[in-house]
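To convert, take the position in the sequence shown, counting from 1, and add 179; that gives the numbering used here. Ideal Cβ positions, reconstructed from N, Cα and C, are used throughout, including at glycine. For clarity, every value in this text was computed on a predicted model and none was experimentally measured.
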Amino acid sequence: MSLQGKHIVLGVCGSIAAYKSALIVRLLIHEGASVRVIMTPDATEFITPLTLATLSKQPVSVDYFDPKTGEWSNHIQIGLDADLLLIAPASANTLAKMANGLCDNLLTAVYLSAKCPVYIAPAMDLDMWKHPATKRNIALLQSYGNQIIPPGNGELASGLSGEGRLAEPEDIISFLQQQSRNDSKQQPLLHVNALVTAGPTYEAIDPVRFIGNHSSGKMGYAIARRLQNLGATVTLISGPSHEIVPLGVDIIKVHSAAEMLAACQHHFESSEIVVMSAAVADYTPSEYTDQKIKKKEDVLSLSLTRTTDILATLGQQKTAQQTLVGFALETNDELANAKSKLARKNLDFIVLNSTNDAGAGFSTDTNHITIIERDGQEHRYELKSKDDVASDICDRILAHRNTL
180 MSLQGKHIVL
190 GVCGSIAAYK
200 SALIVRLLIH
210 EGASVRVIMT
220 PDATEFITPL
230 TLATLSKQPV
240 SVDYFDPKTG
250 EWSNHIQIGL
260 DADLLLIAPA
270 SANTLAKMAN
280 GLCDNLLTAV
290 YLSAKCPVYI
300 APAMDLDMWK
310 HPATKRNIAL
320 LQSYGNQIIP
330 PGNGELASGL
340 SGEGRLAEPE
350 DIISFLQQQS
360 RNDSKQQPLL
370 HVNALVTAGP
380 TYEAIDPVRF
390 IGNHSSGKMG
400 YAIARRLQNL
410 GATVTLISGP
420 SHEIVPLGVD
430 IIKVHSAAEM
440 LAACQHHFES
450 SEIVVMSAAV
460 ADYTPSEYTD
470 QKIKKKEDVL
480 SLSLTRTTDI
490 LATLGQQKTA
500 QQTLVGFALE
510 TNDELANAKS
520 KLARKNLDFI
530 VLNSTNDAGA
540 GFSTDTNHIT
550 IIERDGQEHR
560 YELKSKDDVA
570 SDICDRILAH
580 RNTL
């Protein structure tokens, strides 16, 4: 897979190897990419912005704004527009900042704003590369999902010879091309929009009380993370949850069933995959009291109204090219109830779990599911971690997408 048509942001750090960035720019453009260069202030001591602007045919950004004109370099938009962020050379200083979330220059701000794949080509002296702090920073960066382009082995600026030398520009381009080929195989949902709901909804009674349930959001967040790993562009609509938002996933936080419905309807039409794992309240208080209800009588009666059935609403709007997945948490007549829900709500398949199964249900780290397809096929799975269950669910999604 070529780099043709890719919008690439090249970050250049303060290193003697910065001179190689000129050739990197030329090679990327030769492959058909457009290149926007961001330099750290120290990088300008090794190669001029004019050189890289001439080669890239685009202005080079160093600072957040031009003090003479007030023109602002929008780091958020730069990060959002990029198909790929390549930092080459990446100095030990910048590696440390990126690993620990420091943001004191335009390049680190763009890095923290980017939602695209990030590739880092380190360049430094042998002892710096071997230092435990650098090893820790590299490990942290990899844990965030960044790809490290291994440094070369050879003569260094200090006169030493060993690891730490910036990979040759041709090798960097080859690495990007190979990774693109791997991604096309490992990310079969690239350029596919996915919508996932997770967690409970809270239906307010008064300013301090609500009707809710015990859903933690763990299952939905795991599904969003797995879909994102498969290459999908994921929007996660979440009720109240303490789960960590997966890197690269767009999060929309809601509280009530009405808010979740509105968010789902806004994103449903543009989503090819929709997984409705949230535990949405079936009823909401008919009236909201804007003052805390005081204790008066021994018995307090609440009038409840049915909420709009979000899953059924989306099922009515579903097209043949969309994959719609629902969940059924049952306490009795599990299979019959799940199959009825599957048919009534026009789902492609439904994920059944039961409160009667040990290790399944709300707030657990594991789940025990059965997937029932529209044609009646049943797929039963053993008790697994919710991350593994998410993989099983996404495998069924991929299988269904292959039949469309």
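Measure the beta-carbon distance from Val-297 to Leu-264 and round it to whole angstroms, keeping in mind my assumption that it falls under 8 Å. 5 Å
With 16 as the cutoff for other CB atoms within 10 Å, does Tyr-290 come out buried or exposed? buried
Decide yes or no for the touch test of the region 368-375 against the region 321-335: beta carbon pairs closer than 8 Å, at least 3 of them. Taking a cut-off of 8 Å for Cβ pairs, the region 368-375 and the region 321-335 do not touch, as fewer than three such pairs fall below it.
Less than 9 Å between the C-beta atoms of Ser-420 and Gly-391, yes or no? no
Identify whether Gly-612 lies in helix, strand or coil by the three-state DSSP scheme. Residue 612 lies beyond the range of the chain shown here (180 to 583); nothing can be said about it.
Nearest-angstrom Cα separation, counted from Ile-572 out to Arg-404: Spanning the alpha carbons of Arg-404 and Ile-572 requires a straight line of approximately 12 Å.
Between Thr-549 and Val-530, what straight-line distance do the alpha-carbon atoms span, to the nearest angstrom? Going by C-alpha positions, Thr-549 is about 6 Å away from Val-530.
Would you list the one or two residues that DSSP bridges to Pro-367? Looking at the DSSP assignment, Pro-367 forms no beta bridge with any residue, so it has no partner.
Can you check which of these residues, Leu-189, Ala-537, Ala-578, is closest to Leu-355 by C-alpha distance? Per the Cα distances, Leu-189.
As assigned by DSSP and simplified to three states, the class of Gly-378: coil
According to the Cβ coordinates, are Leu-286 and Thr-273 closer than 9 Å? The answer is yes: Cβ separation under 9 Å.
Taking DSSP as the reference, what is the three-state secondary structure of Tyr-290? helix
Return helix, strand or coil for Ala-385, following the three-state DSSP convention. Sequence check: residue 385 is Asp here, not Ala. In the structure shown, Asp-385 sits in a strand (DSSP, three-state: E or B).
Under a Cβ-count criterion, where at least 16 other Cβ atoms within 10 Å of its own Cβ denotes burial, should His-254 be classed as buried or exposed? buried
Beta-carbon proximity list for Thr-414, same chain, < 6 Å, skipping 5 on both sides: Leu-374, Asp-429, His-446
On a CA-only basis, which of Thr-484, Ala-411, Ser-235, Val-568 is nearest Val-214? Give me that one, please. Ser-235
Helix, strand or coil for Ser-564? Go by DSSP, reduced to three states. strand
How long is the line joining the alpha carbons of Met-180 and Ser-353, rounded to whole angstroms? Only weak support exists for where Met-180 lies, its pLDDT of 45 falling under 50; the value from the coordinates is given anyway. About 11 Å.
How do the region 292-306 and the region 217-231 stand: do at least 3 beta-carbon pairs fall below 8 Å, yes or no? Contact fails: fewer than three Cβ-Cβ distances are below 8 Å.
Mapping the DSSP letters down to three states, classify Asp-260 as helix, strand or coil. helix
Let's see if you can read the secondary structure: which residues bound the beta strand (DSSP E) around His-446? First-last for His-446: 436-447, but that is the alpha helix (DSSP H), not the beta strand (DSSP E).
Asp-350 versus Thr-219: straight-line alpha-carbon distance, rounded: 23 Å
Using a Cβ distance threshold of 8 Å, determine whether the region 423-442 contacts the region 470-481, with at least three qualifying pairs required. Taking 8 Å as the limit for Cβ pairs, the verdict is that the region 470-481 does not touch the region 423-442.
For the beta strand (DSSP E) that contains Asn-279, what are its first and last residues? Unbroken run through Asn-279 is the alpha helix (DSSP H), 271-279; no beta strand (DSSP E).
Which residues bound the alpha helix (DSSP H) around Ser-213? That residue, Ser-213, is in no alpha helix (DSSP H); its beta strand (DSSP E) goes 213-218.
Supposed contact pair Leu-521 and Ile-551 - C-beta distance, whole angstroms, cut 8 Å: 6 Å
Hey, would you say Gly-331 sits closer than 9 Å to Leu-305, going by beta carbons? no
Looking at C-alpha atoms only, which residue of Asn-279, Ser-450, Ser-322 is the closest neighbour of Leu-503? Ser-450
Bridge partners - Phe-506, DSSP secondary structure assignment: Its beta-bridge partners are Val-530.
Taking only runs that begin and end inside the region 296-324, name each unbroken alpha helix (DSSP H) of 4 or more residues, in chain order. As far as the region 296-324 is concerned, its whole alpha helix (DSSP H) runs of at least 4 residues are 305-309, 311-322.
Could you check whether the Cβ of Gln-358 sits closer than 8 Å to any heavy atom belonging to the ligand COA? Only the bare structure without any ligand can be found here, which leaves the ligand COA out of the picture.
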